[in-house]
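Chains as they are written, first to last, in the working numbering: chain X, 1 to 465; chain S, 1 to 499. Data block below; observations after.
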């Protein structure tokens, strides 16, 4: 019996269009028939009302059948149901008055019917598409909704910042105030804890026993898999997050840092944090805006063999390399000064350093990366770089810099990468250097690969006898 | 303008005027008017969003260094392609359960509806032919076939569930490198050079080095420029002897005279370009210039003889001998000099088991020994030079190998080998802003299919471009009436392995 009711109910969305169309058409021709030009329409008005009334009755029956599954907001359903019945009643009255040719009453009925159909239709729309569907310009608006941004994943609230947005995006469509398929709502703590028609959906501490999670990991072709086929699915990342949330106790009021985090989760949490993949890189380039560098200076430097260009199309900061310039001259040094504020990365491996070049570089107060490996830089010239307070990366591989020379830069506390291979500085001084540059990862190099006897042995296929 | 130049220009002018006959004039008029009409009709057709596209070809210097879309972590890429497809099951994808099934018939469920390159009928399962251990703090599984690489496991991000849809070498290699299994698309190195130009005006932006005795099956198209101007194609260097031929000036011609003649030829070419606007003319001019500059720069950068002894020990290089190790060391030198994309192909990884050299327990081990030390040395050397953070190292083949033993033509082969496998294989990336010591993707308990973290060639390409500062959807080139991009309509940046 239940399945029969269900089947009838499923016809409601189809049938519902008939009374709307036919009755509105009936009203239209009825009104038009009052004009002399269309007076012949009068003959079909009774028939149109009759068919309209019949379809309205069928729609009411199917609608009642559909409402039994209890997936809809009760208040709106109440209005929709009774207005719908009113449509059927009014249309039957309409049929009666057309038969009896009571033109005056029919006018009133048709006017009221018009309003009631409109209202019924609106409530029906609210039931299926959700409240405010009319004013929100369709689906596009729904997706634009910005997710809460997480700046620090460890400080984020597990439920409201991480889990709730997933549920909202993937589940609310059928399990919230608008619809409660399976008598389940997921748009609030109390509803989630209450569960649906099959009972509790979360067994705290065990995702595999929790219906909420089990339905997600069911084979997608399984009828019970959630979200249903064709709807946006839970991604792998979201699945791991939900699993973790339930396994750690399904808390609604805890922060990420308060819960145990398995190793597999850490990259996922990190990915929540930076919506863009570029954020970790930004630190190499200052975040404050800067004016475009002098174009003439850039052209001049390029002509002299310096490769100098923006770090990216969307930035005015510059990167420069001197691969094809072995030794600079006064012109280059001076031009460099004119664009010094913009330069953030500077690469001059093997450069014949002069004190005038070192002086020019010391003007580059935005500089974060300086590669002067294998260059002829001296301790004295290096001293100039004390001013480069933003320096993150310093490559001194293969230079004649001494420990004393390096320690002149002690104010540059931002240095986090320091390359000292093939210099007179060795790792016996690493403690002192680390103290001077507390943030730095110091690389002395001198790496080697081990000699393994197997490296040079070539295996041969056994000879068959 | 010197006297010689004037003479050449005059000749060029005469040649051009000869072309302008009456017939030619009318033909030009008609096609010109047609083009003008079409152009005005199509105005405002910006439905492809061309504003955001990246048309990077400049007439004056196509190899000029250019800025990417956004700030990229990597400045250059070294792509190590093991042509023939190394067996993930003997190197990185440890499947103890497969050992238990060794020698048993392959279940029908794995064969139904599947097509293999050589397997016919019901093959036997083949357990891992290597000893695996977990390495480093990350606990990555690496077999004893790669004892050196095992020491740097914590630098690497593994992709364990790479998939492809091509089970033959040529198409699969093309897919990996050009984003299409068919010929005609530009390779990733060409795209990168088109996008970024060359950082060192004396060297090409994209260099190719091969080893292992053969070129990859897909031929030179895997580093071809496709529809991009040919100035962006990979420059292949010889693997033995002089890396580039004819670097010395011929007898009786000194460098100044060579420069003068190239200038004159280019001037004549410029006139032709002004008239026909064929980008290939600019490409040719740029190549003359580049060849001239390379005469000076190449002997220096391509010479590994002068590297110190400890470097040779580290890489296991033997100067003068064609080897993968030499190529790896060259790659490091090129990247150090600002070359954007160095593509290495090592041939001979096709472990079918038809003879000893293709057996997974003999030939594969020999191949491993030839690359293990150099690759490890490369990572360590880049690191100690402060270059690993800005150099993206990519390792991989074109597909994987089956958990079943190959039974070519339904017969048991004399050696243990595996067939081509498309559904799951391992590649890895390191440096260039990639996470250290991580792994993404999983295969089932016998390594047959990917169960999570699936990625494709397109995803790898999108990730490589992302690390260089490109939005892979916006690095486009207009050809045959539409905007093309490397990843076509596919590709997702694998954020899971990005630091």
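Glycine included, each C-beta is placed from N, C-alpha and C at the ideal position.
Residues of chain X whose Cβ lies closer than 9 Å to the Cβ of residue 384(S) are, in chain order, 397, 419, 421, 422, 443, 444, 445, 446, 447. With fewer than 16 other Cβ atoms inside 10 Å of its own Cβ, residue 108(X) counts as exposed. By the C-beta density criterion, residue 353(S) is buried, having at least 16 other C-beta atoms within 10 angstroms. Rounded to the nearest angstrom, the gap between the Cα atoms of residue 37(X) and residue 29(X) is 12 Å. Taken atom to atom, the span from the alpha-carbon of residue 252(X) to that of residue 153(X) is near 16 Å. Within the region 452 to 484 of chain S, the complete beta strand (DSSP E) segments of 3 residues or longer fall at 476 to 479, listed in chain order.
Per DSSP, the unbroken beta strand (DSSP E) holding residue 345(X) starts and ends at 343 to 347. Here residue 226(S) is not near residue 171(S), since their CB atoms are 8 Å or more apart. 66(S) is the residue among 66(S), 17(S), 61(S), 16(S) whose C-alpha sits nearest the C-alpha of residue 315(X). The alpha carbon of residue 155(X) has as its nearest neighbour, out of 270(X), 339(X), 371(X), 337(X), the alpha carbon of 270(X). The DSSP assignment places complete beta strand (DSSP E) segments of no fewer than 3 residues inside the region 393 to 441 of chain S at 400 to 405, 418 to 421, 425 to 430, 438 to 440, in order along the chain. CA-CA distance, residue 204(S) to residue 237(S), rounds to 11 Å. In the three-state reduction of the DSSP assignment, residue 226(S) falls in the coil class. With a threshold of 8 Å between beta carbons, residue 284(X) makes contact with chain S. Taking the C-beta atoms as reference points, residue 195(S) is found no nearer than 8 Å to residue 279(S). In the pairwise beta carbon analysis, the region 327 to 338 of chain S is classified as not touching the region 174 to 192 of chain S: fewer than three pairs are separated by under 8 Å.
Between the region 121 to 131 of chain S and the region 461 to 476 of chain S there are fewer than three inter-stretch CB-CB distances shorter than 8 Å, so the stretches are not counted as touching.
Contact annotation: in the region 249 to 276 of chain X, residues whose CB is within less than 7 Å of a CB in chain S are 267, 271. Using a Cβ-Cβ cut-off of 8 Å, residue 180(S) does not count as an interface residue toward chain X, since no Cβ of chain X sits closer than that to its own. Shown here for residue 445(X): same chain residues with a beta carbon closer than 8 Å to its own, the five before and five after excluded, namely 397, 419, 420, 421, 422 in chain order. Listed as beta-bridge partners of residue 158(S) by DSSP are 428(S), 439(S). Between the region 378 to 389 of chain X and the region 399 to 411 of chain X, the count of Cβ pairs shorter than 8 Å is three or higher; the stretches touch. No Cβ of chain S is located within less than 8 Å of the beta carbon of residue 35(X).
In the DSSP assignment, residue 80(X) falls within the unbroken alpha helix (DSSP H) covering 74 to 100.
Per DSSP, the unbroken beta strand (DSSP E) holding residue 343(S) starts and ends at 341 to 347. The residue among 270(S), 361(S), 373(S) with its C-alpha nearest the C-alpha of residue 315(S) is 373(S).
Interface criterion met: the Cβ of residue 452(X) is under 8 Å from a Cβ in chain S. Residues of chain X with a Cβ closer than 7 Å to the Cβ of residue 338(S) are, in chain order, 321, 323. A direct Cα-Cα distance of roughly 12 Å separates residue 299(X) from residue 64(S).
The C-alpha of residue 413(S) lies about 39 Å from the C-alpha of residue 494(S). In terms of Cα proximity to residue 113(X), the closest of 95(X), 126(X), 99(X) is 95(X).
The beta-carbon of residue 495(S) is placed less than 8 Å from the nearest beta-carbon of chain X. For residue 422(S), the closest of 12(S), 457(S), 390(S) by C-alpha to C-alpha distance is 457(S). If you ignore the 5 residues before and after residue 41(X), its C-beta comes within less than 6 Å of the C-beta of 29, 32, 33, all in its own chain and listed in chain order.
Under the three-state reduction of DSSP, residue 125(X) is assigned to helix. Interface residue (Cβ-Cβ distance to chain S less than 8 Å): residue 459(X) is classified as such.
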